[in-house]
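Engineer: In the UniProt record's numbering, the protein residues as written are 1 to 312.
All C-beta atoms, glycine included, are put in the ideal place defined by N, C-alpha and C.
Rendered as structure tokens:
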């Protein structure tokens, strides 16, 4: 009688895998990956056309002379007095309107939050802010000219009925003070939009806990809500600064003579029929604006990361 044969380990075949060869990922995954890339391709094309390529053109032009050769003359010209003054005025205008917009917008946002998340007041205010934050350019400039311009209906009414001349000290609407007023108009609703999420993140239980421990309203805002909202408030203020610093259309429509701020100086360098060959100087000024805005947005990103630690 013969014993039954038993298979050896060498005779045992390892199970084969199907659909995977040489450690490669399955073909269906590659197809889905290609579809995902195709889905975001329009975004990359948009960013390349409207961000990367213009920035590259500005950088190359800032370091190029009229003959196309590399030079530092355009960068050195940024130290000229009128360009420095334009940057100072632009930074001052942006800082003042950012602080005013942040302070008033934060108060409006707090009033909206106290009205309730589903209240009619909140829906109306947020909808209006979404429209007014984008209400700029020629339309906004014309609205202010028709309202408080030299022949605006408010100006005429105050002069004829109350004897008040709002332009007794000069035509301030078409200079830096007028730009402060007009810019603040669209800075306030923008602040409401960007600061509302931080205000919504404040829990009512925190105030109840403070009061139950004997803390006053001042103590609550000084030691609880204030430190939590400070990064979001500062970050929103920086965002308003960048928004005002890069604005052009409203100032171009409102200021017809002179170039008090950098965007208007760039326009003058690119379109002037008196001083020719200053296109690359305009690109150098644009590069300076890019550096300022990039620094501001970097600080904004740092503050936003700190805010999301407790907002989430």
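Check the C-beta distance from residue 296 over to residue 233 and give it rounded, since I have them as a contact under 8 Å.
Structural biologist: Taking the first residue of the chain shown as position 1, residue 296 is located at position 296. Taking the first residue of the chain shown as position 1, residue 233 is located at position 233. In fact, because the Cβ distance is near 15 Å, the residues do not count as touching under 8 Å.
Engineer: Report back the beta-carbon spacing between residue 178 and residue 172 to the nearest angstrom; my notes put them in contact at under 8 Å.
Structural biologist: Locating residue 178 in the chain shown gives position 178, counting from the first residue. Locating residue 172 in the chain shown gives position 172, counting from the first residue. Right, the Cβ-Cβ distance comes to about 6 Å (below 8 Å), so this counts as a contact.
Engineer: With C-beta atoms as the reference, is residue 239 less than 8 Å away from residue 183?
Structural biologist: To locate residue 239, count along the chain shown from 1; it is residue 239. To locate residue 183, count along the chain shown from 1; it is residue 183. Contact flag unset, no.
Engineer: Classify residue 70 as helix, strand or coil using the three-state DSSP reduction.
Structural biologist: Against the chain shown, residue 70 aligns to sequence position 70. If DSSP states are grouped into helix, strand and coil, residue 70 belongs with the strands.
Engineer: Go through its chain and collect everything with a Cβ distance to residue 75's Cβ below 6 Å, but skip five positions before and after it.
Structural biologist: As a position in the chain shown, residue 75 is number 75, starting the count at 1. Excluding positions up to five away in sequence, the list reads 284.
Engineer: From 265, 250 and 231, pick the residue whose C-alpha is nearest to that of residue 303; which is it?
Structural biologist: Along the chain shown, read from residue 1 onward, the residue named residue 303 stands at position 303. The candidate whose alpha carbon is nearest that of residue 303 is 231.
Engineer: Taking the C-alpha atoms as reference points, what is the distance between residue 175 and residue 251?
Structural biologist: Here residue 175 refers to the residue found at position 175 when the chain shown is read from its first residue. Here residue 251 refers to the residue found at position 251 when the chain shown is read from its first residue. The alpha-carbon atoms of residue 175 and residue 251 are separated by roughly 9 Å.
Engineer: For residue 64, which beta-bridge partners are listed by DSSP?
Structural biologist: Residue numbering aside, residue 64 sits at position 64 when the chain shown is read from its first letter. DSSP, once it has assigned bridges, lists 70 as partnering residue 64.
Engineer: Quick one: measure Cβ to Cβ for residue 49 and residue 105, integer angstroms, because I've assumed they're closer than 8 Å.
Structural biologist: For the purposes of this step, residue 49 is identified with residue 49 of the chain shown, where counting begins at 1. For the purposes of this step, residue 105 is identified with residue 105 of the chain shown, where counting begins at 1. Wrong, their Cβ atoms sit about 33 Å apart, outside the cutoff.
Engineer: Considering residue 130, what are the terminal residues of the alpha helix (DSSP H) in which it resides?
Structural biologist: Counted from its first residue, the chain shown places residue 130 at position 130. Counting along the chain, the alpha helix (DSSP H) containing residue 130 begins and ends at 120–132.
Engineer: Take residue 132 and list the residues in its own chain whose beta-carbon comes closer than 7 Å to its own, dropping the five residues that flank it on each side.
Structural biologist: Along the chain shown, one-based indexing puts residue 132 at 132. Closer than 7 Å at Cβ, skipping near neighbours: 186 and 189.
Engineer: For residue 21, collect the residues of the same chain with a Cβ closer than 6 Å to its Cβ; drop the 5 residues on either side in sequence, then sort them by chain order.
Structural biologist: By one-based count along the chain shown, residue 21 stands at place 21. Caution is warranted here: a pLDDT of 49 is assigned to residue 21, below 50, making its placement in the model unreliable, and the coordinate value is therefore given only provisionally. Counting only Cβ-Cβ distances below 6 Å, and skipping sequence neighbours, we find nothing.
Engineer: To the nearest angstrom, how far is the alpha carbon of residue 331 from that of residue 213?
Structural biologist: It is not possible to answer for residue 331, since the shown part of the chain is limited to 1 through 312.
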